[in-house]
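Here's the structure, in structure tokens; my notes come after.
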Amino acid sequence: MTPEQLSATIVDALTTLSDEGAISLPDGVPVTVTVERPRQKGHGDYATNVALQLAKKAGMPPRDFATIVHDRLVQTDGIDGVEIAGPGFLNISVSAGSQGRVAAEVAAAGATYGSSGVFAGERINLEFVSANPTGPLHLGGTRWAAVGDALGRIFEFTGADVTREYYFNDHGAQIDRFSRSLLASARGEGVPEDGYGGDYIHEIAKAVVDQRPDAVDLPDEEANEVFRQVGVTMMFAEIKQDLHDFGVDFDVYFHEDDLHRSGAVDRAIQRLTELGNTYEQDGALWLVTEKYGDDKDRVIVRSNGQPAYLSGDLAYYLDKRERGFERCFIMLGADHHGYVGRMNAMCAAFGDEPGRNLEILIGQMVNLLKDGQPMRMSKRAGTVISMNDLVDAIGKDASRYVLARYTSDTNIDIDLDLWAKASNDNPVYYVQYAHARVSSILRNAADLGLAPAHGDDFDPGLLAHEKEGDLLRALAEFPRVVASAAELREPHRVARYLEDTAGIYHRFYDNCRVLPMGDEEPSDLHRARLLLIEATRTVLANGLGLLGVSAPERM
């Protein structure tokens, strides 16, 4: 019995009690009730606070309400006992047979176990990474690559239609600085003031010259344009390849320059003007963002007639909405925290709902530690540590896992020595080893001609050991964990769940022999435990897949 099934059972009991007149709920019976795992052993398998939530509406003390629900639930198949605790909590114990059926349900669902319709029918535009093509992808962008891709997978697993989008900034001062840095390198000059350094600048400058040998001798303006066009293309191709190697691919690469060339910026400004949300002052055009919660109004067209930076954001957001995306997510680094207020105000100025039509997620900094000391520089990338520096140090799987393992609004210190270890101290190794271990058991069973019990051959009541119950309840939690990760935008919940479940599995294995020993005849218990092993492998593989991490069968 999963938490969702138990919740439905409680709702059915409430409905029956209401129909019989035993309780009266003016607002009707809730569609679902909260069911949780108790923190302390001895308090049953699950607990619910439904009596505390509904007693006042029913016009009776919580314990009296709990008593009525208790008397109904103890008559229900699959429930072994119900205890009233404290002011009216209900601690519920389910039968071994009812709990054991979870193994069959997980195995039958396979790769779809844990999926749901939480976001069914939602069209989501998920914009993440979007690093400027002026250098290798740094750790901040790498964090969003891991978290954004995991979030996209989780949204899809919960029913959404997700478009992953990369906003390609090929318009503005940073691109000009990049092209000037390339040209200076090609001419053997020093790094320009406010320019970019690092070995990668020399590599790309050389590649541009190999393609356009004449570029160095062109007048500065023409030379800069060549290095801008060719160099940016090369840099972005490298970023895309690095992301692909990291397991992250995008459906759309949207060029900022297109917004300005297509007239999209003018159209967005016209729309806002028609809505009465712009005004002229001091020769500039302003957006009334303060009216919608920002700390002040913002210029969108400067007094010289040039569009301000925000104007591109206006056009880009409107473009997404016109493409049919009801939900637009933007993932930004910590240095963009100040943009949240103006972006939400912009959303509201279009008549949309911030937090619904537009949601902005902020990611904090990532630091690498080697031998206990911070790593500050990359030889190739100059003053920043790049994605490839991290992957080279600990591998792709560990990189993706550690970056998705923490809530995005906290800083991360990654101990490279720990995450490179092939030991249980390394969280990703610990989870992957659990998957490899269950895979090994299933292979060994096949060699013995022993298969997991299925269908009528499976007696769920055989899985009555305490550690079997712990593992079954952990597996039953997976759909709820995935749904929470989607609703709260927190992929780290999946990672932490996997670590807990791997630990519960290891304790089960240490206490419950799965395969027969020596000349021992295989029994129905062995086959039932093999089904539990198969279900465990399914959950571990599905969870790792949501994080974009491999589930090895051998380690």
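Residue numbers (our numbering): 4 to 558. Don't be surprised by glycine CBs; every beta carbon is placed ideally from N, CA and C. Everything numeric in this text was worked out from a predicted model, so none of it was measured.
Could you round the C-beta distance between residue i and residue j to whole angstroms and report it? I think they count as a contact, below 8 Å.
i    : j    : result
N128 : F332 : 7 Å
A401 : V431 : 5 Å
E168 : F257 : 6 Å
D245 : M390 : 6 Å
I417 : L372 : 7 Å
V185 : I204 : A small correction: the amino acid at residue 185 is Leu; Val does not occupy that position in the sequence shown. With a Cβ gap of about 6 Å, L185 and I204 count as contacting.
F68  : G45  : No, F68 and G45 are not in contact; Cβ-Cβ is about 24 Å, not under 8 Å.
D428 : L421 : 6 Å
I303 : L335 : 20 Å between Cβ atoms; not a contact.
A423 : A396 : 6 Å
L317 : A271 : 4 Å
Report yes if the C-beta distance between residue i and residue j is below 9 Å; otherwise report no.
i    : j    : result
N545 : A114 : yes
E259 : Y199 : no
P494 : A486 : no
T5   : V105 : yes
G568 : S27  : Because the chain here runs from 4 to 558, residue 568 falls outside it and cannot be looked at.
P455 : L534 : yes
A439 : V150 : no
A163 : E130 : no
P463 : G117 : no
R215 : S182 : no
Q56  : V36  : yes
V109 : S96  : no
L262 : D322 : yes
Y49  : L17  : no
I388 : L142 : yes
F249 : R146 : no
A25  : I71  : yes
D324 : N360 : In the sequence as presented, Asp is not what sits at residue 324; that position holds Arg. Yes. Within cutoff.
P139 : E241 : yes
R532 : V517 : yes
Q367 : N307 : no
Give the secondary structure of residue i by DSSP, where H, G and I count as helix, E and B as strand, and everything else as coil.
i    : result
I26  : coil
T519 : It should be noted that the sequence gives Pro, not Thr, for residue 519. It is coil, neither helix nor strand.
D395 : helix
D67  : helix
V77  : coil
K44  : coil
K373 : strand
T37  : coil
G138 : coil
Y433 : helix
Y409 : coil
G143 : helix
T539 : helix
S426 : coil
A554 : coil
G162 : coil
G548 : helix
G569 : This structure cannot speak to residue 569, because the chain is shown only from 4 to 558.
I415 : strand
V32  : coil
R530 : helix
T18  : helix
R379 : coil
Can you name the residues that DSSP bridges to residue i?
i    : result
L364 : M334
W289 : Y282 and V302
L129 : R167 and F332
K60  : BP columns for K60 are empty, so no partner.
A11  : Looking at the DSSP assignment, A11 forms no beta bridge with any residue, so it has no partner.
Y49  : I95
S389 : H141
Residue ranges of each beta strand (DSSP E) run of no fewer than 3 residues wholly in the stretch 168-243, ordered along the chain? Listed in chain order, there is nothing to give.
Where are the beta strand (DSSP E) runs, 3 residues long or more, that stay fully inside the stretch 295-358, in chain order? 301-304 and 330-336
Tell me the start and end of each unbroken alpha helix (DSSP H) in the stretch 251-277 that is at least 4 residues and wholly inside, in chain order. 259-264 and 267-277
Which ranges does the alpha helix (DSSP H) cover as unbroken runs of at least 4 residues, wholly within the stretch 86-127, from first to last along the chain? 99-112
Beta strand (DSSP E) runs wholly inside the stretch 451-527, at least 3 long, in chain order: none
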